[in-house]
Amino acid sequence: MKASIMGAATLLTIASVLAPHTGRAQQLQGTHRKELSRHNLSIPGYEEVQLRVDIDPGKTAPNHKHPGEEIIYVIEGTLEYRLEGKPPVTLKAGDVLFVPTGVVHSATNVGQTNAAELGTYVVPIGKPLVEVVK
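In UniProt numbering, the protein residues as written are 1 to 134.
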């Protein structure tokens, strides 16, 4: 009995370590995230994470923040970004936006078709990538 409990506990521990951080992040209706890359950096304690984020027409990735910097490259469509303390900015395919550490922001697909961005993050290892802010 003890052996089976220990085995189950070990399997749960391994599964939780191997699960990608984005899998634990809240998937919001109308947004779709796919992790493309994750590597430790030469900066001690930091990693890079790249995600493709697709947002359905008329949908919003609501207010959230990250524990590090985010560099956004718009792949397709038209997205309106709202960064705390700044006026809204509308970007189209090929445009880039920098989001500093901890800045609350949102993204809305203001077009009629899918919109997608490539998000590149430089973040502390082991911290949750996304924190939804209400």
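Idealized CB from N, CA, C, for every residue including glycine.
Owing to the predicted nature of the structure, the values given are computational and were not obtained by experimental measurement.
Residue closest to F90, alpha-carbon to alpha-carbon, out of H64, V130, V103 and I72 = For the purposes of this step, residue 90 is identified with residue 90 of the sequence shown, where counting begins at 1. In the sequence under discussion, the amino acid at residue 90 is Thr, which differs from the Phe named in the question. Taking only the C-alpha atoms, the option nearest T90 is I72.
Between P100 and the rest of its own chain, which residues show a CB-CB distance below 7 Å, the 5 nearest in sequence each way excluded?
-> For the purposes of this step, residue 100 is identified with residue 100 of the sequence shown, where counting begins at 1. Excluding residues within five positions, the ones whose Cβ falls inside 7 Å are E69.
For the segment 121 to 133 against the segment 40 to 49, are there 3 or more C-beta pairs whose distance is under 8 Å?
-> The segment 121 to 133 is in contact with the segment 40 to 49.
So, is H66 buried or exposed, given that buried needs 16 or more other C-beta atoms within 10 angstroms?
-> Indexing the sequence shown from 1 puts residue 66 at position 66. By the Cβ-count criterion, H66 is buried, with 16 or more other Cβ atoms from all chains shown falling within 10 Å of its own Cβ.
Beta-carbon proximity list for V17, same chain, < 6 Å, skipping 5 on both sides | Here residue 17 corresponds to residue number 17 of the sequence shown, with the count starting at 1. Here V17 scores only 33 on pLDDT, less than 50, and its place in the model should not be relied on; the value that follows carries that caveat. Result list for V17: empty, nothing under 6 Å.
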